[in-house]
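Q: Using UniProt numbering, the first residue of the sequence shown is number 1, and each one after it goes up by one. Every residue gets a Cβ at the ideal spot worked out from N, C-alpha and C, and that includes glycine. The model shown is predicted, which means the values in this text are computed figures rather than measured ones.
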Amino acid sequence: MVNLQLPGVDIDLRHYPQSYRKGAEQMYPIGAHHNCWGSNSAVLPIREVAMMMIMTQLTDKPNWHEKVFNDEIVAKWRKEAMEQSEDDLYSQITEGKDTKRSCPKPARTRIVSEKAFGYCIAELRDKAAFFKKTGLIHALDSDGNTIVKSDVQVGADLQERLRLAFEKLQAEQASDIDWHPRSGDRVQDLVHPSMYPFVYERSSFLHEPTVGVTNALDSVGKGETITAMQTKTVRTQFDFGLTVGGSSIPDDFWSDKYQWLPADLAFQDDGKVKFTSYVNNLHPNKHPEIYQTIEGLVDLAIPLWDQCLRELNRQDDPQRPGVAASRFKLPEKSNNEDDDLWEPFDPKLVENVEVKLGRYAISNYIQNHDGVLEQRPYPEENIIDPVILAQAKVHCTWEKIRDPIIPEPDEFAPADYAAMTSSIRDRFKDSGLQIIVKMATIELTPTKNEFPQGGWHVEGQMNERICATALYYLDSDNVTPSHLSFRMRTTTYQEDDLQSVAEQDGYHYLERVYGASFSNDACIQNYGSVETRQGRMLAFPNTFQHRVSPFKLIDPTRPGHRRFIALWLVDPNQRIISTANVPPQQQDWWTEAVFGSGKTANLGQVPDEVLQLLAEEGVAKDLPKEKLEGLRSRLPNEVMDMVRKQGVKPAGLMTVEEAKEHRIKLMDIRSRFHDRSEAGWNAETYSFCEH
């Protein structure tokens, strides 16, 4: 059942019902903090991540869904996969890991084996059948966690309407471009939720969601300001063992100052969506065709969200679409001393190799293999047989440089990509959806010819309850390819399964198989990256952190751009404050609606005193200058002062300057949140112990 009580208004701002108990509220997980339950991935073998990345690359090929059934083409793909360097592949898989000490790249063993590639082809043929039916591709998917892409979901007609929408909005800003702060004048915000956000104790609020679209400006001046309902600390209801280090999420992961404002959408009789409240920062009367265009894009995003979202606390516990578990079983054994787990000893590979041996390595080897020496940190070479000592050094060196025998995937079993029991279109047909919209263009020039790599992040703070993202890349011109990289948190409790396989302090083999140090690496699982090419729709749950890769101009002598629209889905199980509750805050919208604009401004019947007071309240810049010249008040100063105290301008309106000040403050708060979230992701580390 959808919770219509608004956090911060009817219930605590930090209401986040985490519980496995019967009757607990249903919800979609968020990956902002390690105590956000349901947002973890299993630890995946390096070979499985490589397989996902290869399949993603192959599905970028034209007509891949037909070519994958052509054995001659597949043989060519296989040859390329078996012969290409795997250095970059391994770097992406193990980014952020202790690759020098614990998990160096295998020197001779291929990460993508013949059997692994064969599995990829079998899975791609399975995915091809689903693609032919739906146009959707599970790009990176394992353990029930999925990123979905489609290059055919958005047709030419809608793409053209989006292109015209961007052109229209850019033309409106031609004389005063809104560059996103701190982007170096590279990112132009056309519609962005950080402008005119909901501001506690400043924005007007209506408890009844009565603010619509075409009549939105009629509500200006209505409502009252509110303070966020909150307690000092909220403890979430966890069953024991779900997380590490307690069950609370830090208070400042919510903001009691700001919240992005979603727009409400209702499902119509034909199942399509329609906005029932205005999109923040998109004028509801000037751009009705853009509203319709975005509605069409939301309709197309829903099938992708259906594939990647997984709801918690469902009584029917539906199967997740796609690859629901790892493609690999846990290794049956992992004793470092088990020669069956490593490539056969080759003395030639040890010749002329210099490695730093551990303090006890030689003495331990001699003790374990010959029993002729008591353990000592530094055995006296003159009391040991030189032959034994040389042999010990060779074998200890070999243990440093040998490759593991990486497990092969299980036998292929087709995934059920249509496993969902119902679409969110059906689940929430009565309550509708809430969507936050962003439209932006990245503009590069010969003097600003590069866009830097972004930072790892999830979308929004806990306030916004964003559960999924859909991105549509409308247009790219004269810029190099760019990618979104993805990663998820694992949990230290998942160590138990792996530790049950490991011998006492003997998990180095597992570290080589999984590409992580199990004594100090962060509990993070890299999933790979997806290209953000023109015409592509990409959707993923907000349990993934993601990061944009750098890109630059192809031809450095002329400009280039990348334009996209982001749709952020608020968890439909929980309503939050939306534009249905907040009258438009854009002062220039109201001024133009009341007085008109430019030469058509209708100020003839407005008394000079009112115009003077409006000018004092910041409306002057939105009114014709010639109408404001020579104003003369006929009222005593005392009366004017009394009116000033009451105000002439409706409550809740903001000037552009004030909105930009709030935007900077909001960004500062979110920067601290992102820093703390990222620190939390890196602070939880694996800690395999002796047993």
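Would residue 46 be called buried (16 or more neighbouring beta carbons within 10 Å of its own) or exposed?
A: For the purposes of this step, residue 46 is taken as the residue at position 46 of the sequence shown. With 16 or more other Cβ atoms within 10 Å, it is buried.
Q: Inspect the beta-carbon positions of residue 51 and residue 140 and report whether they are closer than 7 Å.
A: Along the sequence shown, one-based indexing puts residue 51 at 51. Along the sequence shown, one-based indexing puts residue 140 at 140. Not a contact, by the Cβ cut-off of 7 Å.
Q: Ends of the beta strand (DSSP E) at residue 295?
A: As a position in the sequence shown, residue 295 is number 295, starting the count at 1. Not the beta strand (DSSP E): residue 295 falls in the alpha helix (DSSP H), residues 288 to 308.
Q: Distance, Cα to Cα, residue 180 vs residue 664?
A: As a first step, residue 180 is located in the sequence shown; it is residue number 180 there, counting from the start. As a first step, residue 664 is located in the sequence shown; it is residue number 664 there, counting from the start. Taking the straight line joining both Cα atoms gives about 10 Å.
Q: What's the call for residue 184, buried or exposed, on a 16-neighbour Cβ count within 10 Å?
A: Counting from one through the sequence shown, the residue named residue 184 turns up at place 184. By the 10 Å Cβ count, residue 184 comes out exposed.
Q: Are the segment 198 to 205 and the segment 254 to 263 touching, with three or more C-beta to C-beta distances below 8 Å?
A: Short answer: they touch.
Q: Whole-angstrom Cβ separation of residue 8 and residue 577, contact assumed at under 8 Å?
A: In the sequence shown, the residue the question calls residue 8 occupies position 8. In the sequence shown, the residue the question calls residue 577 occupies position 577. Going by Cβ atoms, the distance from residue 8 to residue 577 rounds to 7 Å, so yes, they are a contact pair.
Q: With 16 as the cutoff for other CB atoms within 10 Å, does residue 692 come out buried or exposed?
A: It is not possible to answer for residue 692, since the shown part of the chain is limited to 1 through 691.
Q: Excluding five sequence neighbours on each side, which residues of the same chain lie with their C-beta closer than 6 Å to the C-beta of residue 439?
A: The residue given as residue 439 occupies position 439 in the sequence shown. Excluding positions up to five away in sequence, the list reads 190, 191, 565.
Q: By Cβ distance, which residues of its chain are closer than 8 Å to residue 423, with the 5 residues on each side in sequence left out?
A: Numbered from its first residue, the sequence shown carries residue 423 at position 423. Within the same chain, residue 423 has close Cβ partners 302, 303, 306.
Q: Roughly how many angstroms separate the alpha carbons of residue 33 and residue 677, rounded to a whole number?
A: Residue 33 sits at position 33 when you count from the first residue of the sequence shown. Residue 677 sits at position 677 when you count from the first residue of the sequence shown. Taking the straight line from one Cα to the other gives about 6 Å.
Q: Are the Cβ atoms of residue 403 and residue 107 separated by less than 7 Å?
A: Numbered from its first residue, the sequence shown carries residue 403 at position 403. Numbered from its first residue, the sequence shown carries residue 107 at position 107. It is a contact, given that the beta carbons lie within the stated cut-off.
Q: Could you name the residues that DSSP lists as bridge partners for residue 546?
A: Numbered from 1 along the sequence shown, position 546 holds the residue referred to as residue 546. Note: residue 546 sits in a beta bridge opposite 457, 486.
Q: Evaluate residue 207 with the Cβ neighbour count: other Cβ atoms within 10 Å of its Cβ, from every protein chain shown; 16 or more gives buried, anything less gives exposed.
A: Position 207 of the sequence shown, counted from the start, is the residue given in the question as residue 207. Residue 207 should be labelled exposed.
Q: How far does the beta strand (DSSP E) with residue 166 in it reach, from first residue to last?
A: Here the question's residue 166 lines up with position 166 in the sequence shown. Per DSSP, residue 166 belongs to no beta strand (DSSP E); it is in the alpha helix (DSSP H), 156 to 172.
Q: Does the beta-carbon of residue 14 have 16 or more other beta-carbons within 10 angstroms, so that it is buried, or is it exposed?
A: Counting from one through the sequence shown, the residue named residue 14 turns up at place 14. Flag for residue 14 reads buried.
Q: Using beta-carbon positions only, say whether residue 103 and residue 55 come within less than 7 Å of one another.
A: Within the sequence shown, the letter at position 103 stands for residue 103. Within the sequence shown, the letter at position 55 stands for residue 55. Their beta carbons are not under 7 Å apart, which means residue 103 does not touch residue 55 by this criterion.
Q: Would you call the segment 154 to 162 and the segment 76 to 94 touching, i.e. three or more CB-CB distances under 8 Å?
A: As far as the Cβ criterion goes, the segment 154 to 162 does not touch the segment 76 to 94, which means the pair count is below three.
Q: With C-beta atoms as the reference, is residue 530 less than 7 Å away from residue 149?
A: Locating residue 530 in the sequence shown gives position 530, where the first residue counts as 1. Locating residue 149 in the sequence shown gives position 149, where the first residue counts as 1. Closer than 7 Å, so yes.
Q: Let me know if residue 5 comes out buried or exposed under the rule of 16 or more other beta-carbons within 10 Å of its beta-carbon.
A: Here residue 5 corresponds to residue number 5 of the sequence shown, with the count starting at 1. Burial call: exposed.
Q: In chain order, what residues of the same chain lie with their CB nearer than 7 Å to the CB of residue 224, ignoring the 5 residues before and after it?
A: On the sequence shown, position 224 is the one that residue 224 refers to. If we look at residue 224 and ignore the five residues flanking it on each side, its Cβ neighbours are 204, 205.
Q: Inspect the beta-carbon positions of residue 452 and residue 550 and report whether they are closer than 7 Å.
A: Working through the sequence shown from its first residue, we reach residue 452 at position 452. Working through the sequence shown from its first residue, we reach residue 550 at position 550. The answer is yes: Cβ separation under 7 Å.
Q: Using the beta-carbon count (16 or more within 10 Å), is residue 455 buried or exposed?
A: Here the question's residue 455 lines up with position 455 in the sequence shown. Looking at its Cβ environment, which holds fewer than 16 other Cβ atoms inside 10 Å, residue 455 is exposed.
Q: Who are the Cβ neighbours of residue 692 in its own chain at under 6 Å, not counting the five residues just before and after it?
A: The structure shown does not extend to residue 692, since the chain is modelled only from 1 through 691, so no value can be given for it.
Q: Specify, as a first and last residue, the run of the alpha helix (DSSP H) that residue 118 falls within.
A: Locating residue 118 in the sequence shown gives position 118, counting from the first residue. Unbroken alpha helix (DSSP H) run through residue 118: 114 to 134.
Q: Based on Cα-Cα distance, which residue from 193, 12, 437, 406 lies nearest to residue 293?
A: To locate residue 293, count along the sequence shown from 1; it is residue 293. Nearest C-alpha to residue 293: 437.
Q: Please state if the CB of residue 513 and the CB of residue 405 are separated by a distance shorter than 7 Å.
A: Here residue 405 refers to the residue found at position 405 of the sequence shown. Here residue 513 refers to the residue found at position 513 of the sequence shown. No, the pair does not count as a contact, with Cβ atoms beyond the cut-off.
Q: Please list the terminal residues of the continuous alpha helix (DSSP H) segment that includes residue 58.
A: As a working note, residue 58 is residue 58 in the sequence shown. First-last of the alpha helix (DSSP H) with residue 58: 46 to 58.
Q: Write down the C-beta distance between residue 449 and residue 558 rounded to the nearest angstrom, noting that I regard them as a contact closer than 8 Å.
A: On the sequence shown, residue 449 is found 449 positions in, with the first residue counted as 1. On the sequence shown, residue 558 is found 558 positions in, with the first residue counted as 1. Contact flag wrong, Cβ pair sits at about 10 Å.
Q: At a Cβ threshold of 7 Å, is residue 293 touching chain D?
A: Of the protein chains in the structure, only one exists, and it is not chain D.
Q: To the nearest angstrom, report how far apart residue 124 and residue 131 are at their CA atoms.
A: For this step, residue 124 is matched to residue 124 along the sequence shown. For this step, residue 131 is matched to residue 131 along the sequence shown. Rounded to whole angstroms, residue 124 to residue 131 spans 10 Å at the Cα level.
Q: Applying the 10 Å Cβ sphere with the 16-neighbour rule, what's the burial state of residue 85?
A: In the sequence shown, residue 85 corresponds to position 85, counting from 1. Exposed.
Q: Take residue 680 and list the residues in its own chain whose beta-carbon comes closer than 7 Å to its own, dropping the five residues that flank it on each side.
A: Position 680 of the sequence shown, counted from the start, is the residue given in the question as residue 680. Taken in chain order, the residues that qualify are 33, 34.
Q: Mind checking residue 127: buried by the 16 CB within 10 Å criterion, or exposed?
A: What you label residue 127 is simply residue 127 of the sequence shown in a count that begins at 1. It is buried - the Cβ of residue 127 has at least 16 other Cβ atoms within 10 Å.
Q: Exposed or buried, what is residue 733 when buried is set at 16 or more other beta-carbons lying within 10 Å of its beta-carbon?
A: The structure shown does not extend to residue 733, since the chain is modelled only from 1 to 691, so the question has no answer here.
Q: Answer with buried or exposed for residue 155, where buried requires no fewer than 16 other C-beta atoms within 10 angstroms of its C-beta.
A: Stepping through the sequence shown from its first residue, residue 155 is reached at position 155. Exposed, by the Cβ-count rule.
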